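Below is one structure, written out as structure tokens, with a few remarks after it.
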DNA sequence: TTGGTAACTGAACAATCGTTCATATCCAAG
DNA sequence: CTTGGATATGAACGATTGTTCAGTTACCAA
């Protein structure tokens, strides 16, 4: 047996990435076999290689796509009139974007060590670029006297860690809505930068 | 051939755990084989089973030991005279303790999904206990009017995520000493709780 | 109706996995 | 000097791993 009905290439490709995303997030890259992914898609393991060069490329594609989308989405986001408004925009954007794709976020943070050196460098560069966006806001706010920050790099890392941490405990349908969570985190971020 | 010289049990046991700790942190639990651990220790794979029931128990032991040490160390820590001082003590303690054992921290956060359900529940309970320590401080501070917090659980998670984040970027011999880092993070924590 | 090709199967490859076990060696105690 | 337990080897187990590939099918265009 082979192809059952119709042209499947444009359907199977995305389904492979979806299955890999879910399974990698749930069990970890190293613990998931190509056969498990294939079973999830409803296909034999060999067919996966029509859509990815190898397992490593599958992981890298997921991570690079995630980072590209992150940077593109932030670029499209309205930044407000000053540094404080930009920081609020960043905080709310970060929480919203990350809560919308918990699996991709999980993978992007947990599977860095399973990338080859070359692929790791590429993802790391994108991450630094995103961190740079926040650093720019903090620097502008400091120069304008809007914020009180003793170390920009350090504050940037602290804020990102705090905001990303939402993903570890937030559950849909829980006690607080996403907006309520974002409100409270923005309060804390503002306090942390002395504004 | 078997044992070369002397009694090794009290030496090999810890060495197995050390090797597992390092390798699990570097490559991930699922990506490390028992043979790799054995090679690091300088022993054949079969000998590992004199010191651990199986691979899963090895992981669980590392994580439970880490959590036990964390809780014991915090219990021994001076807490100050009021909630604000206790929060400062907690912040500085958390950074110090975590920076001293980056491998164990990494494993405790990354390998939860590789635990059996039973083992996961045990580790999770210890983690909740630690989070409860911080929540108690925040609640006391709120009741005493020392702190301005809108949601204790949420603030607790935010603070812990922020503090633990230090481990992702701090490098020994870098721009800032541990004390300088702790000073700045304490400033941010204090701002985040409105004090 | 035919031919070509995209999509897929199913078997096969060598390598590696966690774990067990019979065997060997060493040390301390009787 | 003998014995027994602790410590380790090294081979073996079946299962599974990522990946390749020759063959098979289903569809579309001519």
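Chains as they are written, first to last, in our numbering: chain D, 1 to 195; chain L, 196 to 390. C-beta atoms are modelled at their ideal positions from N, C-alpha and C, and glycine is treated no differently. Keep in mind that this is a model prediction, so the values were computed, not measured.
In whole angstroms, what is the alpha-carbon distance linking residue i and residue j?
i             : j             : result
residue 201/L : residue 236/L : The predicted model places residue 201/L with a pLDDT of 48, which falls under 50 and marks its position as unreliable, so this point remains unresolved.
residue 81/D  : residue 137/D : 12 Å
residue 35/D  : residue 16/D  : 11 Å
residue 377/L : residue 286/L : 8 Å
residue 271/L : residue 330/L : 18 Å
residue 188/D : residue 85/D  : 15 Å
residue 221/L : residue 342/L : 40 Å
residue 192/D : residue 268/L : 27 Å
residue 130/D : residue 208/L : 44 Å
residue 263/L : residue 291/L : 16 Å
residue 48/D  : residue 10/D  : 13 Å
residue 305/L : residue 83/D  : 35 Å
residue 102/D : residue 171/D : 10 Å
residue 273/L : residue 58/D  : 49 Å
residue 348/L : residue 184/D : 11 Å
residue 248/L : residue 313/L : 16 Å
residue 32/D  : residue 18/D  : 14 Å
residue 289/L : residue 46/D  : 48 Å
residue 364/L : residue 133/D : 17 Å
residue 308/L : residue 112/D : 16 Å
residue 265/L : residue 346/L : 25 Å
residue 173/D : residue 143/D : 41 Å
residue 139/D : residue 381/L : 20 Å
Since residue i is in the alpha helix (DSSP H), which residue starts that stretch and which ends it?
i             : result
residue 248/L : Taken as a continuous stretch (DSSP letters only), residue 248/L belongs to no alpha helix (DSSP H), as it is neither H nor E.
residue 81/D  : Unbroken run through residue 81/D: none, as it is neither H nor E.
residue 120/D : 117-143
residue 29/D  : No alpha helix (DSSP H) contains residue 29/D, which DSSP labels as neither H nor E.
residue 384/L : 373-387
residue 298/L : 297-305
residue 350/L : 347-359
residue 43/D  : Looking at the DSSP string, residue 43/D is not in any alpha helix (DSSP H), and its letter there is neither H nor E.
Return yes when at least one heavy atom of the ligand GDP lies under 8 Å from the C-beta of residue i, else no.
i             : result
residue 257/L : For the structure depicted, the ligand GDP is absent and the ligand set is empty, with no information on it obtainable.
Less than 9 Å separating the beta-carbons of residue i and residue j?
i             : j             : result
residue 224/L : residue 145/D : no
residue 245/L : residue 232/L : no
residue 299/L : residue 336/L : no
residue 121/D : residue 60/D  : no
residue 88/D  : residue 175/D : no
residue 294/L : residue 373/L : yes
residue 56/D  : residue 115/D : yes
residue 302/L : residue 216/L : yes
residue 356/L : residue 180/D : no
Inter-stretch contact at 8 Å, needing at least 3 Cβ pairs: the stretch 62-73 of chain D / the stretch 116-129 of chain D: Judged by pairs of C-beta atoms under 8 Å, the stretch 62-73 of chain D touches the stretch 116-129 of chain D, as three or more such pairs exist.
If contact means a Cβ-Cβ distance below 9 Å, which residues of the stretch 176-190 of chain D contact chain L? Within the stretch 176-190 of chain D, the residues whose Cβ lies closer than 9 Å to some Cβ of chain L are 176, 180, 181, 183, 184, 185, 187, 188, 189 and 190, listed in chain order.
Residues of the stretch 309-333 of chain L whose Cβ lies closer than 9 Å to any Cβ of chain D, in chain order: In summary, the residues of the stretch 309-333 of chain L whose CB is separated from some CB of chain D by less than 9 Å are 309, in the order they occur in the chain.
Positions along the stretch 33-54 of chain D whose CB lies within less than 8 Å of some CB in chain L: Within the stretch 33-54 of chain D, no residue qualifies.
Count the C-beta pairs between the stretch 353-365 of chain L and the stretch 147-161 of chain D that are closer than 8 Å, then say yes if the count reaches three, no if not. Counting C-beta pairs closer than 8 Å gives three or more between the stretch 353-365 of chain L and the stretch 147-161 of chain D, which meets the contact rule.
If the cut-off is 8 Å on Cβ atoms, which residues from the stretch 285-298 of chain L count as contacting chain D, listed in chain order? When CB distances to chain D are screened at a threshold of 8 Å, not a single residue of the stretch 285-298 of chain L falls below it.
If the cut-off is 8 Å on Cβ atoms, which residues from the stretch 250-278 of chain L count as contacting chain D, listed in chain order? Those would be none; no residue qualifies.
Please list the residues of the stretch 347-362 of chain L that have a C-beta atom closer than 9 Å to any C-beta atom in chain D, keeping them in chain order. Per Cβ criterion, the list reads 348, 349, 350, 352, 353, 354, 355, 356, 357, 358, 359, 360 and 361.
Got a sec: which bits of the stretch 205-216 of chain L sit with their beta carbon under 8 Å from any beta carbon on chain D, in order along the chain? Flagged: no residues at all.
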